[in-house]
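One structure is given below, encoded as structure tokens.
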DNA sequence: TAAGGGATTGCCT
DNA sequence: GGCAATCCCTTAG
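Residue numbers (this note's numbering): 10 to 216.
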């Protein structure tokens, strides 16, 4: 296993949100949990900006979006549709509610643990019997939260620069081609080109 | 205080 | 491809 360097505070401080959303592509998200390590290369992101009607911080700071107003490199985790969670990397200055949504990972480590976490719900429900394929583990914002063992109570407000959940620099600096397009699942600001993904990567949630 | 709705997912037709 | 599931937060009254 190669030595991985944790992205420092300056990585999150020096880039504006749209740039950070692209810089995060190719970086690896790592979680060293008590159950073991899971990790994946970030292959799809979306930016949510100040003054952007789709941004959770668009109106004002509230209890739900408070983490977005923290320092860059903070995690913002929220509940969506009453049953799933999504994770964001907070960006922009303190007091400015901007963030980058992590939408998909290419799994690199701990795939069995990911599978176990993802299938837990099905095993309980007893509906799904077939093991999930590698592509089904992290190809969506709520999927990767499950697979990585990210939880609202534990990780909202936590920092990516200190602690067991962090972003590492890529192993190879091979510049992948980035596709820029519109964001998924939103109604407001649907025409803004704030979604980025690695071209031709099969682990991206949607083409 | 009440009611609407969402940065999704997976099952069903 | 369409749609239900399922909560809590936010906004309106």
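All C-beta atoms in this analysis are idealised placements derived from N, C-alpha and C, irrespective of residue type, glycine included.
Three-state secondary structure assigned by DSSP to residue i
i, result
"residue 135", "Its pLDDT being 46, under 50, residue 135 is placed unreliably in this model, and the value from its coordinates should be taken loosely. Residue 135: coil per DSSP, three-state reduction."
"residue 110", "strand"
"residue 68", "coil"
"residue 21", "helix"
"residue 121", "helix"
"residue 81", "coil"
C-alpha distance - residue i paired with residue j, whole-angstrom precision
i, j, result
"residue 93", "residue 19", "31 Å"
"residue 72", "residue 46", "31 Å"
"residue 13", "residue 170", "13 Å"
"residue 167", "residue 41", "14 Å"
"residue 209", "residue 23", "29 Å"
"residue 26", "residue 202", "13 Å"
"residue 192", "residue 200", "8 Å"
"residue 81", "residue 124", "30 Å"
Closest Cα partner of residue i within the set the options
i, options, result
"residue 59", "48, 46, 74", "74"
"residue 212", "196, 29, 128, 111", "111"
"residue 196", "125, 143, 64", "64"
"residue 31", "205, 214, 216, 215", "205"
Boundaries (first-last residue) of the alpha helix (DSSP H) holding residue i
i, result
"residue 29", "26–32"
Near the ligand GTP: residue i beta-carbon under 7 Å from a heavy atom
i, result
"residue 162", "No copy of the ligand GTP occurs in the structure displayed, which carries no ligand at all."
Residue range of the unbroken beta strand (DSSP E) whose run includes residue i
i, result
"residue 101", "Where residue 101 is concerned, there is no enclosing beta strand (DSSP E), given that its DSSP letter is neither H nor E."
"residue 55", "45–57"
"residue 205", "204–207"
"residue 84", "84–89"
"residue 37", "37–42"
Identify every run of the alpha helix (DSSP H) within the segment 154–201, keeping only runs that are complete inside it and at least 4 residues long; order them along the chain. 161–164
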